[in-house]
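K.L.:
Quick one: the structure is below, and I'll ask about it shortly.
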Amino acid sequence: MTTTPARLRKAVLPVAGLGTRVLPGTKTTPKELLNVVDRPILSYIVEEAREAGIEHIVFVTGRSKGAIEDYFDHQIELEAQLLAKGKTDILEMMNAELASAGEMSFTRQMQPKGLGHAVWCARDIIGDEPFAVILPDVIVDGQPGALKQLADVYAEVGGNIIGVEQVPDSETHKYGIVDPVDRDGGLIRMKGMVEKP
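Under the numbering used here, read the sequence shown as residues 7 to 203, first letter to last.
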């Protein structure tokens with residue numbers, strides 16, 4: 007008898023990093039709020055999470071990241087000005103970004119101890135449920151989105167599912183590298199991985 011994996015409802019979004027690779031742009035603005043075209047990176051990430059059926063996002067923040075929480079909250083004065091000036095199209099666009107009640111939680115990573123520690127900081131909110139970890143450093147353009155594709159594979163086969171891409175040997179020191187065992191179409195079984203060898 008095959009058991010169906012528990013539904014994937016939650017995601018951890020580690021956003022505590024300092025953004026040193028994109029300085030000076032991140033000196034006063036969290037890198038996750040830097041714009042790609044006309045929207046902050048986080049806007050795309052949250053949209054992709056919602057598309058994948060994620061109902062609760064846990065942001066793991068750090069110092070100087072209060073603007074991230076503010077981004078998903080009401081800006082009463084700004085909203086009143088937009089309404090008074092008849093700029094309802096902009097107001098509607100802003101309101102589409104707002105968090106629904108209970109959709110987002112924010113927890114603090116008190117010291118920068120790496121990705122594993124950031125995920126660990128979300129443990130009390132995640133509990134025993136399956137969850138996705140979304141790294142906001144890369145935007146993958148696809149239909150459906152990359153997270154939806156991974157969530158669909160998880161729903162089908164269960165277990166731990168990660169998205170990977172091939173990198174040149176000269177670049178392996180910059181990325182987590184997997185040790186593949188075999189391949190079944192787009193699904194690769196692996197026996198281990200190393201973070202930035």
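For glycine and all other residues, C-beta sits at the position ideal for the given N, C-alpha and C.
Pull up the distance between the alpha-carbon of L84 and that of A22, whole angstroms please.
P.N.:
27 Å
K.L.:
Can you give the beta carbon distance from E38 to P46, rounded, assuming they're within the 8 Å contact cut?
P.N.:
7 Å
K.L.:
How many angstroms separate the CA atom of R27 from the CA atom of T34?
P.N.:
Each residue's Cα considered, the two are about 14 Å apart.
K.L.:
Check whether the Cβ atoms of I168 and V159 lie closer than 8 Å to each other.
P.N.:
Judged by beta-carbon spacing, V159 lies beyond the 8 Å limit of I168, meaning their Cβ atoms are not closer than that value.
K.L.:
Cα separation between H234 and G182?
P.N.:
No statement about residue 234 is possible, as the shown extent of the chain runs from 7 to 203 and does not include it.
K.L.:
Hey, could you find the ends of the alpha helix (DSSP H) T94 is sitting in?
P.N.:
T94 to A102
K.L.:
With distances taken between CB atoms, is the gap from V66 to I145 smaller than 8 Å?
P.N.:
No, the Cβ-Cβ distance between V66 and I145 is not below 8 Å.
K.L.:
Runs of 3 residues minimum, wholly inside the region 64-150: which ones carry the beta strand (DSSP E) assignment?
P.N.:
110-114 and 137-139
K.L.:
Please report how far the alpha carbon of P118 lies from the alpha carbon of P203, in whole angstroms.
P.N.:
20 Å
K.L.:
Quick one: give me the first and last residue of the beta strand (DSSP E) that A17 is part of.
P.N.:
K16 to P20
K.L.:
My output table needs one value for R13: the three-state DSSP class, helix, strand or coil.
P.N.:
coil
K.L.:
Under 8 Å by Cβ, that's how I've got A12 and I140 pegged, so tell me the actual separation to the nearest angstrom.
P.N.:
So it is not a contact: roughly 18 Å between Cβ atoms.
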